[in-house]
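Structure, as structure tokens:
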Amino acid sequence: MGKFTLLSGAAAPLMRINIDTEVVIPINRLISNKRGKLGPYCFEAWRYASDGSENPEFVLNKPRFREAKILVTGDNFGCGSSREHAVWSLSDFGFRCIIAPSFGDIFYWNCFQNGVLPIRLPEDAVTELAAEIEASEQALMTVDLQTQSITTPAGRKVAFMTDPERRSALLEGLDDIGMTLKLDAQIRTYRSKDRETRPWIYRREETPRVVRLLILAGDGVGSEILAEVRRVVEWFIAKRQLTVDLREELFGISAWKAYGDLMRQKTWDEIVAADAILFGATGSAEYNKIPAEARNVDQLLRIRKELDLFCNLRPVRTLPELCGSSTLRPEVIEGCDIMLVRELCGGIYFGKPRGRETLADGSERAVNTCMYTTAEIERIARAAFELARARSGRVCSVDKSNVLIETGGLWRDTVQALRDRHYPDISLTHMYVDNCAMQLVRAPKQFDVLLAENLFGDILSDCAAMVAGSLGMLPSASMGPIRPDGSRHALYEPIHGSAPDIAGKGVANPLGAIMSFALCLRFSMGLAQEADHLERSVVAAISHGARTADIAQLGEEGISTKAMGDAVLAELEQIQ
Ligand code: IPM
Ligand code: MG
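Here the sequence shown is numbered in the working numbering, starting from 547 and rising by one per residue.
Have a look at this one:
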């Protein structure tokens, strides 16, 4: 956009009121004519007769106004449709300044955006100016934006006012974008400060990041089911342009066999560097063959603890097709949808002291300690309340505060206090864990979000599995705290474990692990639609009859792990 400082040229009087943008440039000229080529059509209806010849009476066709740069006109100029083309056609014609008592609002601002100066003058002043122009021979005028004054054809000085910001934009030849870019350095400083304090605001703006995804198949059926998950991940890479850096490491017994080390440094480095881990299972009788000192740290628990994966989500949903696979009556479980929120880094799993010692008489004594702090309870309760807000708003918190009056009491008090302080909209109930186990099989539909500490959550989630029909169906997500850059460690695993009885037979149900990858799409990659697509494909595979042994009807033979993977892949292709 050119700078506007001093304009000298002929002025043309067009003293009509309410000249609307349709008169300035008719709509039928907007379609095939580009900016820069609209001049001939400016005031087309007035400039030309119906046979296409020029109308000699029209002011702009008079020889001394043909080259006019300034238009002096009536009230409410540029009213009507907001088309920016009106300004373009005027400036294509040659006008750089329009003087009127008032303007259509949008037209007025459009002028500044396109390097045309609109000047408002009192009606009398405009009338007087128009008369002076008519009376003068050459109608020459000067408009000085620096001093905000007009020199009329008769040599009079007339002052005018312009919005100071618009004025400096025109003087510098900048439109709104140009004006904004002038503040680039300030905007950058502000944004980098804001990015630090509110990282979550910026997460969605960024182009999809390559997510580092690590597969740890682990023990037992882990390698069989994760092979199917891998095919699903590869489908998303090939068909949905999923941007992942997919890696795989041996974990558990297979790692011991390969490296003589349950957790070699390289594997640990991969774990720490991963954005998300897809985990299979841990647990095997073969651990007994490993020297005790090598196996005294459970590697899955080490990952949970060191990555601080405190927030474990275990969604339990009953699919109508699988009602028959549960030992519970269909009417008890139909339509169940529970979100179990399990604290995963505290409690008796990690509390100290712990140990086993031989007493003087040769017998033994073993100790485990259940321990919780306010902060540990608050952060998991907050997760449960937040989830509840996006669901039905109900949370049932589980404890054993009638007996474990210390940890159980602190748990109950902390959850209640947090609810009262920050989540008054949430309906919170408390239940003892023994009663909860019973209620889960008696009337599971009463629950929405279930909040439990580590050990109780472990037990109750197996219990809740019967609600879904099979343990093999259940996924889980374990997440760490949100880091300043908005990312968080996460591990996704089916909750069923290594199932040594069927390991190696190729019959395990991979759906829990596949559904865990859906959670990964949703939580670690922010791809909710892709997650829905995968979940719907799993449901469709089941609806179309795909059943591994664990979800087959009595007497029916189940399909293989791989065939179940095939069924899901087929649905991924089918479903829209
Ligand atoms: C689970 C499992 C684990 C646990 C085992 C494998 C350590 O049962 O995730 O539910 O007890 O947390
Ligand atoms: Mg368990």
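Quick reminder that beta carbons are idealized off the backbone N, C-alpha and C, glycines included.
Judged by their CB atoms, Lys-549 and Leu-717 are nearer to each other than the 8 Å cut-off.
Excluding the 5 residues flanking it on each side, Asp-709 has no same chain C-beta neighbour closer than 6 Å. Counting along the chain, Cys-882 sits inside no beta strand (DSSP E), nor does DSSP assign it H or E at all. By the neighbour-count criterion, in which 16 or more other beta carbons inside 10 Å mark a residue as buried, Gly-650 falls on the buried side. For Val-995, the three-state secondary structure derived from DSSP is strand. One Cα belongs to Leu-636, the other to Glu-742, and the distance between them is close to 47 Å.
Per DSSP, reduced to three states, the secondary structure at Glu-795 is strand. In this structure, the straight-line span from the alpha carbon of Ala-1113 to that of Gly-798 is close to 29 Å.
Shown here for Asn-607: same chain residues with a beta carbon closer than 8 Å to its own, the five before and five after excluded, namely Arg-593, Glu-600, Asn-601 in chain order. Out of Ala-1092, Ile-563, Gly-585, Asp-994, the CA that lies nearest to the CA of Val-633 is found in Gly-585. As a beta-bridge residue in DSSP terms, Val-704 pairs with Ile-696. Where Gly-555 is concerned, the enclosing beta strand (DSSP E) starts and stops at 552 to 560. Between Leu-964 and Ala-927, the beta carbon gap of about 5 Å places them in contact (Cβ cut-off 8 Å). For the pair of segments examined, the segment 760 to 780 was found to touch the segment 818 to 832: the number of CB pairs separated by less than 8 Å reaches three. For Ser-943, the closest of Leu-1073, His-1079, Arg-967, Leu-886 by C-alpha to C-alpha distance is Leu-886.
In this structure Ser-1016 touches Leu-868 by the C-beta definition: roughly 7 Å separates them, less than 8 Å.
Separation of the CB atoms of Ile-884 and Asp-994 is rounded to 7 Å, and the pair is thereby assigned contact status at 8 Å. Our two residues, Thr-673 and Lys-580, have alpha carbons roughly 34 Å apart in a direct line. Under DSSP, Glu-910 forms a beta bridge with Thr-904. In the structure shown, Asn-607 adopts helical secondary structure according to DSSP, grouped into three states. Taking Ala-705 as the centre and dropping the five residues before and after it, the same chain places the C-beta of Gln-694, Ser-695 closer than 7 Å to its C-beta, in chain order. In this structure, Ser-1033 has its CB at a distance of at least 7 Å from all heavy atoms of the ligand MG. At a cut-off of 7 Å, the beta-carbon of Ser-1016 does not count as near the ligand MG: no heavy atom of the ligand is closer than that. With a beta-carbon spacing of about 7 Å, Thr-688 and Leu-552 fall inside the 8 Å limit used to define contacts.
For Ile-836, the CB stays at least 7 Å from every heavy atom of the ligand MG.
According to the DSSP assignment, Met-1071 belongs to no alpha helix (DSSP H), since it is labelled neither H nor E.
At least one heavy atom of the ligand MG sits closer than 7 Å to the Cβ of Ser-1007.
In the structure shown, the three-state DSSP call for Glu-932 is helix. For His-976, the three-state secondary structure derived from DSSP is strand. Per DSSP, Asp-690 is one residue of the beta strand (DSSP E) stretching across 686 to 690.
Assigned with DSSP and collapsed to three states, Pro-876 falls in helix. Exclusion of the five residues before and after Phe-623 leaves Ile-565, Ala-646, Phe-649 as the residues of its chain whose Cβ lies within less than 6 Å of its Cβ. Between Thr-697 and Lys-703, the alpha-carbon positions lie close to 5 Å from each other.
Each residue's CA atom was taken as its position, placing Val-961 and Arg-937 some 18 Å apart. Your pair Gly-640 and Lys-615 checks out as a contact, with CB atoms roughly 6 Å apart and the cut at 8 Å. Comparing alpha carbon positions, the residue from Gly-620, Cys-588, Ser-738 closest to Glu-630 is Cys-588.
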